[in-house]
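74 is the number that UniProt numbering gives to position 74 of the sequence shown; each next residue is one higher, with no gaps. Every residue gets a Cβ at the ideal spot worked out from N, C-alpha and C, and that includes glycine.
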Amino acid sequence: MQRNTILGHFKSMDDLKDQLTEFVPEEVINFVENGKNPELFTQAFLSRAASENQFTNGKIQAVDDFRSLLSAEFAKSFPDLYTNTYSLDDDKPEENSTDHTI
1 MQRNTILGHF KSMDDLKDQL TEFVPEEVIN FVENGKNPEL FTQAFLSRAA
51 SENQFTNGKI QAVDDFRSLL SAEFAKSFPD LYTNTYSLDD DKPEENSTDH
101 TI
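Following this line, the structure appears as structure tokens:
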């Protein structure tokens with residue numbers, strides 16, 4: 001009798017699983033099983049995401065700075081070519097450019 005009750009509960013849980021749409025990361029479940037607060041996982045995850053975001057933004061800024069410096073050096077070193085093409089800071093040719101095919 002008790003076995004049938006337990007099996008009935010397992011069947012009820014199995015039927016309920018199809019109604020769930022939320023996803024819980026396995027790491028959170030492991031935190032709970034190990035007696036840790038799942039908020040610690042969330043806090044560490046957000047901290048890591050913010051750190052990676054800051055690192056990526058630093059790389060983007062470095063590339064932008066290099067692009068500006070490269071554009072300025074091209075303008076100094078190749079003034080004739082530079083004025084007839086487009087600036088690296090722009091994504092389109094300048095309006096006063098002329099096409100000189102070599």
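Which of the three DSSP states, helix, strand or coil, is assigned to Asn-37? coil
Could you check the C-alpha separation between Val-28 and Phe-41 for me, to the nearest Å? 7 angstroms
What residue does the alpha helix (DSSP H) around Asp-18 start on, and which one ends it? Element bounds for Asp-18: n/a, residue is neither H nor E.
Per-residue DSSP class, three states only, for Pro-78: Checking the sequence shown, residue 78 turns out to be Phe, not Pro. Three-state result, Phe-78: coil.
Using DSSP with H/G/I as helix, E/B as strand and the rest coil, what is Phe-23? coil
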